[in-house]
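Participant: Encoded as structure tokens, here's the structure I'll be asking about.
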Amino acid sequence: MAKGIVSAIDVGTTKIATIVAHVRSRDDIEVLGVGVVPSHGLHKGIVVNMDEAKEAIATSIQEAQKISGTRVDTVYVGVTGRHISSINNKGVVAIPRADRLVRADDLQRVLAASRNVAVPEGKKLLHAIPRYYTLDGEERVKQPVGMHGTRLDVETHIITASVSSVQNLVKVIRSIGVQVQDLVLEPLASGEAVLTSQERESGIIMADLGGGTTDIAVFKDGDIYHTAILPVAGYQITSDIAIGLGLPFHVAERMKKTYGNVTPGLDAGREQELTGIENGHTASYRELCDIVRSRLEELFELILLELPTTDYQRLAPCGLVLTGGTANLGGLVELGKDQLKMPVRRGAPLGSGVYGITDTIRDSAYATTLGLVLWQARSRERSAWTGTRSNMFGGLGKLLRKLFRG
Ligand SMILES: Nc1ncnc2c1ncn2[C@@H]1O[C@H](COP(=O)(O)OP(=O)(O)OP(=O)(O)O)[C@@H](O)[C@H]1O
Ligand SMILES: [Mg+2]
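Counting in this note's numbering, the sequence shown tops out at residue 441, every number present.
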């Protein structure tokens, strides 16, 4: 692929989206094409049918190639699923030289010390993202090289994933003849697309309400602080409507998207009978909205339970940003504010500096898709100051090469 061209695949539960973009810098990204197809063979971030997944991913890649006029041969891939876990760990080293000047190799040593955690059987440390450094316990710094001190500390966000889950996804993509350049945790990608740098600095919770998973990421002090994946999202809302109102799943899905509204106190026409959506199926508007609301209230509760503390005000003074396809539900933001008593907003994935073929990715369902490209652009900046390779999942890259050798 030509220099600066980045391709990424967002392998969702309901859709697979391949994006091709020309990344000139973090603030200059031209989207050349997006190929979207319904997802098959995947469930909650896990491959459940290799052949179906292969066909769906291949079609999405072909579509993106056609629109962009660019051949896709290496891709960044989003990973998600209940198998992902994360912790923050600390590392500390002494600066042994007389001049007490921090050098790049000190950074490498302290990062290695912070990566030293026990990884459970069947899991692999994907990567360690340095959040901040301190010198002699003083103020937090982002880039300590060139500064003076006797002791260097780092706090690092460590993410682990199930080896077999990742292996299956990579195997499917390689079987299409496309190489996986790197894997990016999906909530990190979505965060790139919908949050401002001020929000990340002060502290914010992001929840990507997708089809099969709700991906949660808390950002603080400018970087990732906590990640969690819930196996509940839009699919379960539709499924509850289908069961509760005795409708086929696809009719329940259309009813939800067309009429679902959870605005607190909304009463206009609530006794209305919804008809004509498809082949004579009917439903009560009130019942439909009540089901959607109770599912969402439950989901908001679950999001809070996944947070590392109950002091939400201190953790995330900027509140909650909701994105993903399910964030399109009417009244969701108002319901969130009412229930959670914190600032809530909807996050759409288009910021300044992103242009080109962007019609598709304006919808919040594409936060991860665009975010994968933005992550790649930001990881270049990050590697420039950590002195590490640009691959976020560098450790995993090595593991994959070992697993697929021969
Ligand atoms: N206008 C809408 N109103 C309500 N729900 C919507 C709307 N548009 C999309 N959705 C829901 O969003 C979900 C799909 O969201 P998204 O595309 O973010 O998921 P995904 O990336 O495929 O899945 P995941 O990230 O969970 O693996 C579906 O459950 C769909 O019903
Ligand atoms: Mg998604």
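C-beta atoms are modelled at their ideal positions from N, C-alpha and C, and glycine is treated no differently.
In three-state DSSP terms, what is A287?
Facilitator: Three-state DSSP puts A287 in a helix.
Participant: Listed by chain order, which residues have C-beta atoms less than 5 Å from any heavy atom of ligand 2?
Facilitator: Listed along the chain, these residues meet the criterion: G47, G245 and T403.
Participant: Could you tell me how far apart the beta carbons of V69 and A43 are, in whole angstroms, since I believe they sit closer than 8 Å?
Facilitator: Actually they do not touch by this definition, with Cβ atoms about 10 Å apart.
Participant: Assuming M377 contacts L342 (C-beta within less than 8 Å), just tell me the rounded distance between them.
Facilitator: About 11 Å; that fails the 8 Å criterion.
Participant: Tell me the residue span of the beta strand (DSSP E) that contains I40.
Facilitator: From DSSP, the beta strand (DSSP E) with I40 extends over I40 to V46.
Participant: Does the region 236-243 come close enough to the region 74-91 that 3 or more CB-CB pairs lie under 8 Å?
Facilitator: Taking 8 Å as the limit for Cβ pairs, the verdict is that the region 236-243 does not touch the region 74-91.
Participant: Let me know if L340 comes out buried or exposed under the rule of 16 or more other beta-carbons within 10 Å of its beta-carbon.
Facilitator: With fewer than 16 Cβ atoms within 10 Å of its Cβ, L340 is classed as exposed.
Participant: Does at least one heavy atom of ligand 1 sit under 8 Å from the Cβ of A153?
Facilitator: Incorrect: A153 has no Cβ contact closer than 8 Å to ligand 1.
Participant: Find the nearest neighbour of R166 within the set L160, K159, R175 and K158, judged by alpha-carbon distance.
Facilitator: For R166, the nearest C-alpha among the options comes from R175.
Participant: Between the C-alpha atoms of V6 and V180, what's the straight-line distance to the nearest angstrom?
Facilitator: The chain is shown only over 36 to 441; residue 6 falls outside these bounds and no answer can be derived.
Participant: Quick check: what's the CA-CA separation for G359 versus A400?
Facilitator: Rounded to whole angstroms, G359 to A400 spans 4 Å at the Cα level.
Participant: Could you check which residue in N124, V58 and T109 has the C-alpha nearest to that of I259?
Facilitator: With distances taken between Cα atoms, I259 lies closest to N124.
Participant: Indicate whether G382 and A402 have their beta-carbon atoms separated by less than 9 Å.
Facilitator: Yes, the Cβ-Cβ distance between G382 and A402 is below 9 Å.
Participant: Give me the Cα-Cα distance between V45 and V112, rounded to the nearest whole angstrom.
Facilitator: Here residue 45 turns out to be Asp, not Val, going by the sequence shown. C-alpha separation (whole angstroms): 6 Å.
Participant: Assuming N296 and C324 make a contact with CB atoms under 8 Å, what is their CB distance in whole Å?
Facilitator: About 6 Å separates the two Cβ atoms, so the contact holds.
Participant: Which one of E336, L280, E288 and H183 has the shortest CA to CA distance from R321?
Facilitator: The shortest Cα separation from R321 among E336, L280, E288 and H183 belongs to L280.
Participant: Given this structure, state the Cα-to-Cα distance separating S103 from Q271, to the nearest angstrom.
Facilitator: Answer to the nearest angstrom: the Cα atoms are 35 Å apart.
Participant: Do T185 and A129 have their C-beta atoms closer together than 9 Å?
Facilitator: Contact flag set, yes.
Participant: Less than 8 Å between the CB atoms is what I'm expecting for T191 and P222, so what's the real figure, rounded?
Facilitator: That belief does not hold up - the Cβ atoms of T191 and P222 are roughly 17 Å apart, past 8 Å.
Participant: So is Y168 buried or exposed if we call it buried at 16+ other beta carbons inside 10 Å?
Facilitator: Result: buried.
Participant: Does the Cβ of E221 lie closer than 8 Å to at least one heavy atom of ligand 1?
Facilitator: Yes, ligand 1 has a heavy atom inside 8 Å of this Cβ.
Participant: Just checking S232 against ligand 1 - is the residue's beta carbon closer than 8 Å to any of the ligand's heavy atoms?
Facilitator: No.
Participant: Give the DSSP-derived three-state secondary structure of Q374 in the structure shown.
Facilitator: Helix.
Participant: In chain order, what residues of the same chain have a beta carbon less than 6 Å from the beta carbon of E288, not counting five sequence neighbours either side?
Facilitator: Only T273 meet the Cβ criterion.
Participant: Specify the secondary structure class of A242 as computed by DSSP and reduced to three states.
Facilitator: Note: A242 maps to strand in three-state DSSP.
Participant: Does DSSP classify L223 as helix, strand or coil?
Facilitator: Of the three classes helix, strand and coil, the one that applies to L223 here is helix, per DSSP.
Participant: Output yes or no for whether 9 Å exceeds the beta carbon distance between I208 and V110.
Facilitator: Their beta carbons are under 9 Å apart, which means I208 touches V110 by this criterion.
Participant: With DSSP run on the structure shown, which of helix, strand or coil describes K255?
Facilitator: Strand at K255.
Participant: So, using beta-carbon positions, are P384 and G406 closer together than 9 Å?
Facilitator: Cβ distance < 9 Å, so P384 and G406 count as in contact.
Participant: Cβ of S95 within 8 Å of any heavy atom in ligand 1?
Facilitator: Not under cutoff, so the answer is no.
Participant: Between which two residues does the alpha helix (DSSP H) carrying N203 extend?
Facilitator: Its alpha helix (DSSP H) spans residues V198 to R209.
Participant: How would you write the range of the beta strand (DSSP E) that V137 sits in, first residue to last?
Facilitator: From DSSP, V137 is part of no beta strand (DSSP E); its letter is neither H nor E.
Participant: For A52, list the residues DSSP reports as bridge partners.
Facilitator: DSSP lists D45 and V71 as partners of A52.
Participant: Could you check whether the Cβ of L218 sits closer than 8 Å to any heavy atom belonging to ligand 1?
Facilitator: No; taking the cut-off as 8 Å, the Cβ of L218 has no heavy atom of ligand 1 nearer than that.
Participant: Within 10 angstroms of its Cβ, does V152 collect 16 or more other Cβ (buried), or is it exposed?
Facilitator: Exposed, by the Cβ-count rule.
Participant: Would you mind sorting T231 into buried or exposed? The rule is 16 or more other CB atoms within 10 Å of its CB.
Facilitator: Counting Cβ neighbours within 10 Å, T231 comes out exposed, since fewer than 16 surround it.
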